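In the working numbering, the protein residues as written are 1139 to 1370.
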């Protein structure tokens, strides 16, 4: 993703915004688009380091094992549950400003449901249960739907990339990569719909904004998801 966190919750003294500027992000741009989850959010995965508690993370980054692979798959399954339910609700509510967004949501809803089924089958009885979700008006408001979809897809790409080095079994690597590449296609698709390919758009908003993406750790992603309030 870039990943988004509630600015007013974690940056009351402006320290995060100052860090964003030090990383080359314009302060006005940081504050410009505050639509996801009903609050202001900050786009910059690199700024999560001090936000998540280490206790939130269960995946080992130091040693690979089959047990750790199960943790990684359940982590992926939870994110896929979230995405699948988000798009399922959007398809029902139809918060779309055009047919192109409606088609995007319908196709991606099908993909995410397939990802859930795929990972659940791989995990068998070890699969975690589906949480309850509250997406608020991100599944009823066209602007918020479009912005949230981009955030979720970018997050999914970075989350899968972050776990690649931690996986032991070849078959799990293959499964993760097969999902990761589809998430990347989703991310490019929604960025294109959000006019990321328009003339004059900042590079960071383009469908393919950089040569190399930054992977996100489990702690970073969990912190971002927690801040949205989507998982109840």
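For glycine and all other residues, C-beta sits at the position ideal for the given N, C-alpha and C.
Bear in mind the structure is a predicted one, so any value in this text is a computation, not a measurement.
Residues that residue i bridges to, as DSSP identifies them
{"i": "residue 1368", "result": "Its beta-bridge partners do not exist; DSSP assigns none."}
Host alpha helix (DSSP H) of residue i (start-end)
{"i": "residue 1259", "result": "1237 to 1261"}
{"i": "residue 1207", "result": "1204 to 1231"}
{"i": "residue 1350", "result": "It is not in any alpha helix (DSSP H) - residue 1350 carries neither H nor E in the DSSP assignment."}
Residue i classed as buried or exposed, judged by whether at least 16 other C-beta atoms fall within 10 angstroms
{"i": "residue 1221", "result": "buried"}
{"i": "residue 1329", "result": "buried"}
{"i": "residue 1209", "result": "buried"}
{"i": "residue 1312", "result": "exposed"}
{"i": "residue 1272", "result": "exposed"}
{"i": "residue 1350", "result": "exposed"}
{"i": "residue 1303", "result": "exposed"}
{"i": "residue 1245", "result": "exposed"}
{"i": "residue 1196", "result": "exposed"}
{"i": "residue 1357", "result": "buried"}
{"i": "residue 1235", "result": "exposed"}
{"i": "residue 1133", "result": "Summary: the structure shown does not reach residue 1133, with the chain confined to residues 1139 through 1370, and so no result is reported for it."}
{"i": "residue 1370", "result": "exposed"}
{"i": "residue 1105", "result": "It is not possible to answer for residue 1105, since the shown part of the chain is limited to 1139 through 1370."}
{"i": "residue 1355", "result": "buried"}
{"i": "residue 1287", "result": "buried"}
{"i": "residue 1243", "result": "buried"}
Collapsed DSSP secondary structure at residue i in the structure displayed
{"i": "residue 1234", "result": "coil"}
{"i": "residue 1273", "result": "coil"}
{"i": "residue 1172", "result": "For residue 1172, the pLDDT reaches just 37, beneath the cut-off of 50, and the residue's location in the model is therefore unreliable, leaving the point undetermined."}
{"i": "residue 1197", "result": "coil"}
{"i": "residue 1343", "result": "helix"}
{"i": "residue 1316", "result": "helix"}
{"i": "residue 1334", "result": "coil"}
{"i": "residue 1306", "result": "coil"}
{"i": "residue 1080", "result": "For the chain, the structure presents residues 1139 to 1370; residue 1080 sits outside this window and is missing."}
{"i": "residue 1267", "result": "coil"}
{"i": "residue 1375", "result": "Nothing can be reported for residue 1375: it is not among the residues displayed for the chain, which extend from 1139 to 1370."}
{"i": "residue 1139", "result": "With a pLDDT of 36 at residue 1139, under the threshold of 50, the modelled position of that residue is not reliable, and the figure given next carries that caveat. In the structure shown, residue 1139 sits in coil (DSSP, three-state: anything other than H, G, I, E or B)."}
{"i": "residue 1363", "result": "helix"}
{"i": "residue 1148", "result": "Low per-residue confidence applies at residue 1148: pLDDT is 32, beneath 50, and the placement is therefore not dependable, though the value from the model is reported in the following sentence. In the structure shown, residue 1148 sits in a helix (DSSP, three-state: H, G or I)."}
Cutoff 7 Å: residue i Cβ touching any chain C Cβ
{"i": "residue 1363", "result": "Protein chains in the displayed structure number just one, and chain C is not present."}
Three CB pairs or more closer than 8 Å across the stretch 1268 to 1285 and the stretch 1222 to 1241: yes
Decide yes or no for the touch test of the stretch 1316 to 1331 against the stretch 1294 to 1307: beta carbon pairs closer than 8 Å, at least 3 of them. yes
Is the stretch 1245 to 1261 close to the stretch 1330 to 1337, with three or more CB pairs under 8 Å? no
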